[in-house]
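Line order of the protein sequences matches chains A and B. The opening position of the first sequence corresponds to residue 1 in full-length UniProt numbering, with each subsequent residue numbered one higher. The opening position of the second sequence corresponds to residue 1 in full-length UniProt numbering, with each subsequent residue numbered one higher.
Number of protein chains: 2
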Amino acid sequence: MENEASAVQVNPAVRERLLAEGLRLFTSKGYAGTTVREIVEAAGVTKPVLYYYFNSKEGLYLSLMESSYAVFAERMNDLVAKSGTARERMEHLCLGIYDGFVEFIDVAQLIYALYFGPPQGAPHFEHDKAFDWILAAVKSVVVDGMASGEFRSGDPSDMTWAIVGCLNVSMEEQLCRSNPRIDRNGAKRILDLVIDGISQGVAHE
Amino acid sequence: MENEASAVQVNPAVRERLLAEGLRLFTSKGYAGTTVREIVEAAGVTKPVLYYYFNSKEGLYLSLMESSYAVFAERMNDLVAKSGTARERMEHLCLGIYDGFVEFIDVAQLIYALYFGPPQGAPHFEHDKAFDWILAAVKSVVVDGMASGEFRSGDPSDMTWAIVGCLNVSMEEQLCRSNPRIDRNGAKRILDLVIDGISQGVAHE
């Protein structure tokens, strides 16, 4: 075994293929229901190759989560860096999160399954932090918008929850339904409705 | 076996105990991870008693879902029957749904686990309908509020999603966290923020 493993050539494409097949199998069959054998067969390699890159199924799962959260963190950094009015920044932030969710919907599906589903023996991963990043980023724009007078005064936490609630329901429609009743334009309209409500001087006729 | 089963005396308390222990085990160990033996042992009865009332684990699960959805449907009928302003009706409806969710949070937990989790072999149950009932009930109040002029004109579906999004995020906080950051008063404040936004003539200062 050691000989086989040490004979593996480092090949980023193989590593990526193992991650992709792991993700696909975890989401379709469940984490507990997926074996190392199935992952390596789907990726067209042998078990020692998986062990070489990830040590175990747990290791592959953790790599998948770490790389997904790293991409998410980088996106969030870009999204919050936008300048403009509070409304422009909020739309840019929330629609950017929405776009990332749709782009990585299979990762989202796996995270929801492990978060809400029965215990499956997956190693602990702090999934709450992604939601906490979203809450913190939205709140910072709310606070800035209140400070500049663009948003009316009020409890910034309440306004944050209202915005995150609208964002969440739009994203969960994509996750839960083959025919989502909200698309990207719908997500923007729903968000604008709440931003209108917390903005000063919006004429309601 | 037939003799044992036919010897069972109909006893609603025993039936309820089996349902309660089934629910407790399904939520803690997962549906697939729970056996008939565990349920009957927890309920202090023998297997034929479970078979008598439910035929199988699947039957017990379906009874649990059917009775839960029946209670939910009845609550919804009561909640939408309230008279008053559109705001009063919307608050009554949404906080009533919130209260029901908190009261039956273990049922909600099981539904989320089966909805988002990996396939566990549970018989099909149309879980989307609960969410559809909520959407329809909220939308009917939005439409009435727009017709009476209490809510400003706009797309009733967008307004419905904004309200349901805020309700959902409040309920999911209860489901996901041992220390929810939104309580019932918070849920009401967040909802009021959105209702303010869609109402006519609300002074924003």
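Here a beta-carbon is modelled for each residue, glycine too, at the ideal position from N, C-alpha and C.
Looking at the C-beta of residue i, does it have a partner C-beta in chain B at a distance below 8 Å?
{"i": "valine 45/A", "result": "no"}
{"i": "glycine 165/A", "result": "yes"}
{"i": "lysine 139/A", "result": "no"}
{"i": "alanine 13/A", "result": "no"}
{"i": "valine 40/A", "result": "no"}
{"i": "glycine 100/A", "result": "no"}
{"i": "asparagine 179/A", "result": "no"}
{"i": "aspartate 196/A", "result": "yes"}
{"i": "valine 185/A", "result": "A quick correction: the sequence has asparagine, not valine, at residue 185/A. So no, asparagine 185/A is outside the interface."}
{"i": "glycine 30/A", "result": "yes"}
{"i": "serine 68/A", "result": "no"}
{"i": "glycine 117/A", "result": "yes"}
{"i": "isoleucine 190/A", "result": "yes"}
{"i": "valine 107/A", "result": "no"}
{"i": "methionine 159/A", "result": "yes"}
Assign residue i to one of three DSSP states: helix, strand, or coil.
{"i": "phenylalanine 151/A", "result": "strand"}
{"i": "serine 67/A", "result": "helix"}
{"i": "serine 28/A", "result": "helix"}
{"i": "glycine 170/A", "result": "Going by the sequence as given, residue 170/A is serine instead of glycine. Residue state, collapsed to three classes: helix."}
{"i": "serine 199/B", "result": "strand"}
{"i": "phenylalanine 101/A", "result": "helix"}
{"i": "methionine 1/B", "result": "Only weak support is given to the placement of methionine 1/B: the predicted model assigns it a pLDDT of 46, under 50, and the value that follows is read from those uncertain coordinates. DSSP places methionine 1/B in coil when its eight states are reduced to three."}
{"i": "isoleucine 163/B", "result": "helix"}
{"i": "lysine 129/B", "result": "helix"}
{"i": "arginine 177/B", "result": "coil"}
{"i": "histidine 92/B", "result": "helix"}
{"i": "glycine 186/B", "result": "helix"}
{"i": "asparagine 77/A", "result": "helix"}
{"i": "proline 119/A", "result": "coil"}
{"i": "serine 140/B", "result": "helix"}
{"i": "serine 157/B", "result": "helix"}
{"i": "glycine 145/B", "result": "helix"}
{"i": "lysine 82/B", "result": "coil"}
{"i": "glycine 22/B", "result": "helix"}
{"i": "glycine 33/B", "result": "coil"}
{"i": "leucine 60/B", "result": "helix"}
{"i": "valine 10/B", "result": "coil"}
Measuring only the C-alpha atoms, how far is residue i from residue j?
{"i": "threonine 35/B", "j": "phenylalanine 26/B", "result": "9 Å"}
{"i": "valine 71/B", "j": "glutamate 172/B", "result": "20 Å"}
{"i": "leucine 114/B", "j": "threonine 46/A", "result": "33 Å"}
{"i": "glutamate 74/A", "j": "proline 48/B", "result": "57 Å"}
{"i": "aspartate 128/A", "j": "proline 12/A", "result": "29 Å"}
{"i": "arginine 15/B", "j": "glutamate 21/B", "result": "10 Å"}
{"i": "phenylalanine 54/A", "j": "tyrosine 31/B", "result": "30 Å"}
{"i": "residue 228/B", "j": "glycine 145/A", "result": "No information on residue 228/B is available, as it lies outside the stretch 1 to 205 that chain B covers here."}
{"i": "serine 67/B", "j": "leucine 18/A", "result": "44 Å"}
{"i": "arginine 37/A", "j": "aspartate 196/B", "result": "56 Å"}
{"i": "serine 83/B", "j": "leucine 193/A", "result": "26 Å"}
{"i": "alanine 42/B", "j": "valine 143/B", "result": "49 Å"}
{"i": "arginine 184/A", "j": "valine 169/A", "result": "12 Å"}
{"i": "alanine 130/B", "j": "tyrosine 69/A", "result": "32 Å"}
{"i": "cysteine 94/A", "j": "isoleucine 39/A", "result": "35 Å"}
{"i": "serine 63/A", "j": "glutamine 9/B", "result": "55 Å"}
{"i": "proline 119/A", "j": "serine 199/A", "result": "43 Å"}
{"i": "glutamate 103/A", "j": "arginine 24/A", "result": "14 Å"}
Less than 8 Å between CB atoms is the rule here; does residue i satisfy it with respect to chain A?
{"i": "proline 156/B", "result": "no"}
{"i": "tryptophan 133/B", "result": "no"}
{"i": "methionine 65/B", "result": "no"}
{"i": "methionine 1/B", "result": "Unreliable positioning characterises methionine 1/B in this predicted model, as indicated by a pLDDT of 46, which lies under 50. A coordinate reading is not provided."}
{"i": "glutamine 120/B", "result": "yes"}
{"i": "alanine 162/B", "result": "yes"}
{"i": "alanine 113/B", "result": "yes"}
{"i": "isoleucine 97/B", "result": "no"}
{"i": "leucine 18/B", "result": "no"}
{"i": "glycine 33/B", "result": "yes"}
{"i": "valine 143/B", "result": "no"}
{"i": "arginine 89/B", "result": "no"}
{"i": "leucine 193/B", "result": "yes"}
Since residue i is in the alpha helix (DSSP H), which residue starts that stretch and which ends it?
{"i": "glutamine 109/B", "result": "105–116"}
{"i": "valine 36/A", "result": "36–43"}
{"i": "phenylalanine 54/B", "result": "47–54"}
Closer than 7 Å to a non-hydrogen atom of the ligand MN - does that hold for the CB of residue i?
{"i": "alanine 86/B", "result": "Absent from the structure shown: the ligand MN. Ligands present: none."}
Query raised in the report: Do the stretch 157–164 of chain A and the stretch 127–141 of chain A touch if we need at least three Cβ pairs shorter than 8 Å?
Result: Cβ pair count under 8 Å is three or more, so yes.
Requested in this report: Taking 8 Å as the threshold, find out whether the stretch 147–155 of chain A comes into contact with the stretch 76–95 of chain A through three or more Cβ pairs.
Outcome: Contact between the stretch 147–155 of chain A and the stretch 76–95 of chain A is present: three or more C-beta pairs spanning the two stretches fall below 8 Å.
Query raised in the report: Quick check: the stretch 188–197 of chain A against the stretch 99–119 of chain A, are there 3 or more CB pairs under 8 Å?
Result: Output reads no: the stretch 99–119 of chain A does not touch the stretch 188–197 of chain A.
Report task. Answer yes if the stretch 47–61 of chain B comes into contact with the stretch 115–124 of chain B, meaning at least three C-beta pairs across the two stretches below 8 Å, and no otherwise. Result -> Short answer: they touch.
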